Structure formats: C-alpha cells, structure tokens
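Asker:
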Amino acid sequence: KLGKRLAVGEVLLYSDGETEPVAHVTCTYSIPPGAGQPIAN
Numbered sequence: 003k004l005g006k007r008l009a010v011g012e013v014l015l016y017s018d019g020e021t022e023p024v025a026h027v028t029c030t031y032s033i034p035p036g037a038g039q040p041i042a043n
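Take the sequence shown: its position 35, counting from 1, is numbered 37 in my numbering, and each next residue is one higher.
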C-alpha cells in the first residue's frame, strides 16, 4: 500500500508442500518530504 507519505508492505512466505506460512513480514517506510522531486542545482 502506498500513500502520500507512507509505504506499507506485507509478505507471507510459504515452504513447498506446507499449508501454513513459515514467515510473515510487515514493513513501513516514511517517504521523505520532496521525494521524487528533481534536485535543484
């Protein structure tokens, strides 16, 4: 999920032949102000 200032991600990792996930990962990243803007010289 990507917002104006925050990106959120989620991953479920499965092992071959298993029905339950072996790992669950969530992460967030705060997008710095001005990200994606050209840098003025």
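All C-beta atoms, glycine included, are put in the ideal place defined by N, C-alpha and C. Remember, it's a predicted structure, so these values are computed and weren't measured experimentally.
#1: What are the start and end residues of the beta strand (DSSP E) that includes S32?
#2: Going by the beta-carbon positions, is the gap between V13 and T30 smaller than 7 angstroms?
#3: Who does G19 pair with in a DSSP beta bridge?
#4: Work out the CA separation of H26 and E20 for me, nearest whole Å.
Answerer: Checking against the coordinates, here is how it stands:
#1: Translated into positions along the sequence shown, residue 32 becomes position 30. It spans 23 to 32 - the beta strand (DSSP E) in which S32 sits, taken as one unbroken run.
#2: Taking the sequence shown and counting its residues from 1, one reaches residue 13 at position 11. Taking the sequence shown and counting its residues from 1, one reaches residue 30 at position 28. Going by C-beta atoms, V13 is not nearer than 7 angstroms to T30.
#3: Within the sequence shown, residue 19 is the residue found at index 17, counting from 1. Answer is none; G19 lacks a bridge partner.
#4: For this step, residue 20 is matched to residue 18 along the sequence shown. For this step, residue 26 is matched to residue 24 along the sequence shown. About 14 angstroms.
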